[in-house]
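Per this note's numbering, the sequence shown runs over residues -11 to 299.
We put the beta carbon where it would ideally sit given N, CA and C, even for glycine.
In what follows, a structure is listed as structure tokens, so that the remarks can point back to it.
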Amino acid sequence: MRDHDFPSPERRGRGRRRFDDDEPHFLKHGRATGPTPADPDDEPDPETGAVWSSWDGAVHGPQPHPAWLITELAAKDTELGVLKTGKEADVHLVRRAVPGTDRSCLLAAKRYRDPRHRLFHRDAGYLEGRRVRRSREMRAMAGRTAFGREMIAGQWAAAEFAALARLWEIGERYGTVAVPYPVQLRGTELMLEFLGDPDGGRAAPRLAELRPAAAELRELWGQLVEALMVLARAGYAHGDLSPYNLLVNAGRLVLIDLPQVVDVVANPQGRDFLARDVRVVAAWFAARGLPPSLVDPTVLTEALSREAGLR
């Protein structure tokens, strides 16, 4: 990772903004961010429903790739079902396996919805912060034409991939924040590390679904505070944090749904985003029994602001 990817606090706010309007470096080499054309070789096997792995035609996640990830071009992908449906995207469970071997891995394929059925409730704020060089594309996005809505979907997928890739890489400098590994990006489909039971294919639960005992509740709060501190240290806020986009996987709190990560220094409302994130999650933990003094949103917001170098 290059030092200029995540400036020190004294350098933040200068130069180009990140996440909101900075086109990811891995999308600047002629790769399309719109829908991927149909490929005759993608026809599913009539018996198993498997198709050839899409790894070769995708943008890949940060290196080194995790040891569990299957990258062989001989691998095949098999759809196993739907993990989650949402307003903007559906998440599917996919098994990638090398035929004739016991090598396989489970992936979560997040697919931003068809333009006729999507409801992008954050379009306005997103488009305000995103530069699109070609005026035809900008007009289409602003006018919500079919092409424009497809462009928006592609931009959302690319933004989430970029956010996950960068957060995956910040550990050595700012500390570790748990996010799913971003496996690949292909058009409007984002493939992620599957978090959950690999044998049963059961996804890790969302924090909102749990009723932790007192000791576990306090432990999860500590993990969350540390994750928010790491983000703030690097100059960021989740931007849409809630118990519904936090997973608990084997006792570890994991941040998900990150296309709207906010640069709190470059964004004039940066402190407000920090405060909003803290207020929502603090209310959840307080309602489940943590002492108000421990989850005081004002105290934590001030601490995060100092960590981010905000005045």
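Query, Result
"Extent of the continuous beta strand (DSSP E) to which Val79 belongs", "77 to 85"
"Chain C contact for His53 (CB, 8 Å cutoff)", "The chain labelled as chain C is not found in the depicted structure, where only one protein chain is given."
"Separation of Leu292 from Pro279, as counted between CA atoms", "20 Å"
"Closest residue to Leu229 among Gly88, Gly223, Leu216, Leu298 (Cα-Cα distance)", "Leu216"
"Val253 vs Leu219 beta-carbon contact at 8 Å", "no"
"Own chain partners of Ala38 with C-beta closer than 6 Å, once the 5 adjacent residues on each side are dropped", "Lys64, Thr66"
"Sequence-distant residues of its chain with Cβ nearer than 6 Å to Ala225 (five each side left out)", "Val250, Val252, Phe261, Leu262, Asp265"
"Own chain residues within Cβ distance below 6 Å of Arg267, not counting five before or after", "Pro285"
"C-alpha gap between Leu198 and Asp245, whole angstroms", "19 Å"
"Classification of Leu178 by the beta-carbon crowding that lies within 10 angstroms, buried from 16 upward", "buried"
"Candidates Glu60, Glu31, Leu241: closest to Asp44 by CA position", "Glu60"
"Pair within 8 Å by beta-carbon distance, Tyr100 and Ala85", "no"
"7 Å Cβ shell around Asn237 - same chain, five flanking residues per side excluded", "Leu183, Gly184, Ala192"
"CB of Lys98 within 8 Å of CB of Val70, strictly", "no"
"Residue range of the alpha helix (DSSP H) that includes Pro285", "285 to 296"
"Within 8 Å, strictly: CB atoms of Ala96 and Leu81", "yes"
"Under the three-state DSSP convention, the category Glu204 falls into", "helix"
"Three-state secondary structure (DSSP) of Ala38", "coil"
"Given Arg154 as reference, the closest of Arg194, Ala222, Pro54, Trp272 once Cα atoms are compared", "Ala222"
"Neighbourhood of Arg299 by C-beta distance below 6 Å, restricted to the same chain and skipping five residues each side", "none"
"DSSP-derived helix/strand/coil call for Asp300", "Given that the chain is displayed from residue -11 to residue 299, the structure contains no residue 300 and the question cannot be resolved."
"Cβ distance (whole Å) where Leu57 is taken to contact Val242 below 8 Å", "Rounded, the Cβ-Cβ distance is 17 Å, inconsistent with contact."
"CB contact flag (Pro168, Glu181, <8 Å)", "yes"
"The beta strand (DSSP E) enclosing Ala97, as first and last residue numbers", "92 to 100"
"CB-CB length for Ala194 against Leu234, believed under 8 Å", "Looking at the sequence shown, residue 194 is not Ala but Arg. Indeed they touch by this definition, with Cβ atoms about 7 Å apart."
"Same chain only: Cβ atoms within 7 Å of Ala46, ignoring 5 sequence neighbours per side", "Gln172, Leu173, Arg174"
"Reduced DSSP category for Leu152 - H, G, I as helix; E, B as strand; rest coil", "helix"
"Start-end ranges of the alpha helix (DSSP H) lying completely within the segment 167 to 228, minimum 4 residues", "202 to 221"
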